[in-house]
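Peer 1: Sharing a structure here in structure tokens format.
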Amino acid sequence: MTVTDLPEGVEPTPLALLLLGREADLGSERGVSCPGSLPAASDPALVDRAAAAKAALGDSVFVLGHHYQRDEVIQFADVTGDSFKLAQQAAARPEATYIVFCGVHFMAESADILTADSQQVVLPDLAAGCSMADMATAEQVAQAWDVLTDADAAAGTVPVSYMNSSAAIKAFTGRHGGTICTSSNAERALRWSFQQGQRVLFLPDEHLGRNTAVRSLGLTLDDCVVYDPRKPGGGVSAARLRDAKMILWRGHCSVHGRFSLDCVHEVRERIPGVTVLVHPECRHEVVEAADLVGSTEYIIATVDAAPAGSAFAVGTELNLVQRLAKRHPDKIVAFLDRTVCFCSTMNRIDLPHLVWSLESLAGGSVVNRISVDPETARYARKALDQMLALPQYAP
Ligand code: SF4
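For the sequence shown, the working numbering begins at 4 and goes up steadily by one.
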């Protein structure tokens, strides 16, 4: 599909990498379809239209906004947060028939798994996927488990999947006695897993797995191997798979993976005394060179709590960093990289898509519903429940 194929009156957003389509991409965690006619991005009435449609829907709709969403969308969110907080918030609103999830596909799946059957989850643009979640497909992970089995390494391996994974990967994790984790509780998830078995298969973000294992659990880089699903046998010998404590899936976030050691050195020169604050999805050398490391919620709380005059260089998604900078004009809140680095798929959710989904719901038509099949949902829920039951460990 080319730009010229776009429906009349529809303009691609400046940041769009994926063009609007009408078909689902079944090989991907995300879809690419967005049926119907969208209002033009240039329509000056978009804000009023979104407000009117939301008011018409009243308590029957609950709009969730991920921290990485654009300001134009966040202004209509009933609650903002990270993916797990948002899914929990949706589950706590049984009176809302419609959950409009301004985030990406795997988040909407989790919301569907955690909410009641009577609630319907809508993703305003099905092209809002996650490149990291796409890096581990159900087929690849099933194949990897076969490789581990052949290597005599499956027994004693506990799968730990990051929240940023498809429902199918979460279900795999539940089927094999593992747990889901977030960037806030990854350490507890690993501690629990090493009480259940001798090694962990960490999916799909190698950086979060490595950073947590080495920095929080005291494992060495040698204890970790990277399983590359594109290579025969994952590119790791059977002996290494058996010896490893952490089998890290070769996957990463295309946003956080961009920050380099050079960015850290450069910003320290540019802003003397700056505190470098990064997300654990960043590369190991970046995390090691940073002053503070933590989840999105941790980053927000740290900047919010800092005294006036503090200076931060933040290594996470740009929409959030810009919002923090706006909220704290008395502090320096700089982006860690000199180049622009939005999450392109998160940015698929824009005001025209939000207006389109809200107006469709107000008109009685449920568009872009995200629905996880019951069997997948059952095992994914098992892994999510295991995360909620993770014990607290003494520091
Ligand atoms: S920021 Fe990274 S992990 Fe989050 S949705 Fe975008 S690509 Fe996925």
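Backbone N, C-alpha and C fix where the C-beta goes; we use that ideal spot for every residue, glycine too. Just so it is clear, the structure is predicted and the values come from calculations on it, not from any experiment.
At 4 residues or longer, and completely inside the stretch 280 to 339: list those alpha helix (DSSP H) runs for me, N to C.
Peer 2: 287 to 292, 299 to 308 and 321 to 330
Peer 1: Can the beta-carbon of V229 be found closer than 8 Å to that of T223?
Peer 2: no
Peer 1: Which partner residues does Q123 have in the DSSP bridge list?
Peer 2: Y101
Peer 1: Quick one: what does DSSP say S368 is sitting in, helix, strand or coil?
Peer 2: DSSP places S368 in coil when its eight states are reduced to three.
Peer 1: Given a threshold of 16 other Cβ atoms within 10 Å of its Cβ, counted over all protein chains shown, does A27 qualify as buried or as exposed?
Peer 2: Only weak support is given to the placement of A27: the predicted model assigns it a pLDDT of 49, under 50, and the value that follows is read from those uncertain coordinates. Exposed, since its Cβ has fewer than 16 Cβ neighbours within 10 Å.
Peer 1: From A145 to A158, what does the alpha carbon distance come to, in whole angstroms?
Peer 2: 15 Å
Peer 1: What residue from T100, A55 and L354 has the CA that sits closest to D128's CA?
Peer 2: L354
Peer 1: Less than 7 Å separating the Cβ of Y71 from some heavy atom of the ligand SF4?
Peer 2: yes
Peer 1: Assign S121 to one of two classes, buried (16 or more other C-beta atoms within 10 Å of its C-beta) or exposed (fewer than that).
Peer 2: exposed
Peer 1: Using CA coordinates, which residue listed in S219, H179 and W148 is at the minimum distance from N188?
Peer 2: The closest CA to that of N188, considering only S219, H179 and W148, is found on S219.
Peer 1: Going by CA-CA distance only, name the one from M138, V103, P42 and A44 that's closest to N371.
Peer 2: V103
Peer 1: Excluding the 5 residues flanking R330 on each side, which residues of the same chain have their C-beta closer than 7 Å to its C-beta?
Peer 2: none
Peer 1: Which residues bound the alpha helix (DSSP H) around M135?
Peer 2: S134 to D137
Peer 1: With a CB to CB cut of under 7 Å and the five nearest residues on each side skipped, what residues in its chain are close to R273?
Peer 2: none
Peer 1: Would you call the stretch 186 to 204 and the stretch 158 to 169 touching, i.e. three or more CB-CB distances under 8 Å?
Peer 2: yes
Peer 1: Any heavy atom of the ligand SF4 inside 7 Å of the beta-carbon of T348?
Peer 2: At least one heavy atom of the ligand SF4 is nearer than 7 Å to the Cβ of T348, so yes.
Peer 1: Cβ of L67 within 8 Å of Cβ of A54?
Peer 2: No, the Cβ-Cβ distance between L67 and A54 is not below 8 Å.
Peer 1: Could you check whether the Cβ of N322 sits closer than 7 Å to any heavy atom belonging to the ligand SF4?
Peer 2: No, since every heavy atom of the ligand SF4 falls outside the 7 Å radius drawn around the Cβ of N322.
Peer 1: Provide the residue span of the beta strand (DSSP E) that contains M249, from first to last.
Peer 2: M249 to W252
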